[in-house]
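When you line the sequence shown up against this note's numbering, it's residues 291 to 424, in that order. Heads up, the beta-carbon is just placed ideally off N, CA and C, and yes, glycines get one too. Working notes, structure below.
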Amino acid sequence: MTPGPDNGALPDAPREGADRREATALPDLTATPSGAPLFALPEVSDLEFFVEVPLGNVDTDVGDLVRLRRGTILRLDRTTGDPLTILANGTPIASGEVRVQGERFAVRITQVRNAPRRDETPGSEVPHAQKAKP
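Okay, structure coming up:
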């Protein structure tokens, strides 16, 4: 091979100081049907999570609590149409709204939250090295 025009380097050789990482093919996002997952994660797909959707809360005192009986109606702090937060292992992952399917409650997902970066997750702070005292 003969030297190339850039500083005598061979045409197929990376230039000095050039980034040597290999290019990675990215998926064609326009070809993904709406709602379909972009990536398969077979390595973690069997992990189990506790998913909960709190419907609401009630502020009460001990007197009212001990008077609870069958048929007592607890009035929740939420109204129809209020968004619900979907939690996975206690971490908010999505928002949704209550639906009824047959005789069961269901939740229609309205928004999926982006996963927080590790440095934004509470409790994930890495302590900075302290300077030595002279």
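Quick one: give me the first and last residue of the beta strand (DSSP E) that residue i is part of.
i, result
"E386", "Here the sequence assigns Gly to residue 386, which means Glu is not the residue at that position. Its beta strand (DSSP E) spans residues T381 to Q391."
Alpha carbon to alpha carbon, how far is residue i from residue j?
i, j, result
"D367", "D349", "8 angstroms"
"F395", "V352", "29 angstroms"
"G371", "V388", "7 angstroms"
"D336", "R357", "43 angstroms"
"E338", "G361", "35 angstroms"
"G392", "R359", "27 angstroms"
"L331", "L355", "46 angstroms"
Reducing DSSP to helix, strand and coil, say where residue i ends up.
i, result
"L364", "coil"
"V402", "strand"
"V343", "coil"
"F395", "strand"
"L337", "coil"
"L377", "strand"
Which residue's Cα is closest to the Cα of residue i: the options?
i, options, result
"V402", "T375, G346 and N347", "T375"
"V397", "T369, P373 and D354", "P373"
"G346", "T369, V390 and P382", "T369"
"P382", "N404, L355 and L331", "N404"
Does the separation of the CB atoms of residue i and residue j fall below 8 angstroms?
i, j, result
"V343", "G386", "yes"
"A378", "V341", "yes"
"I399", "A384", "yes"
By the DSSP assignment, the alpha helix (DSSP H) with residue i in it spans what residues?
i, result
"L355", "V352 to V356"
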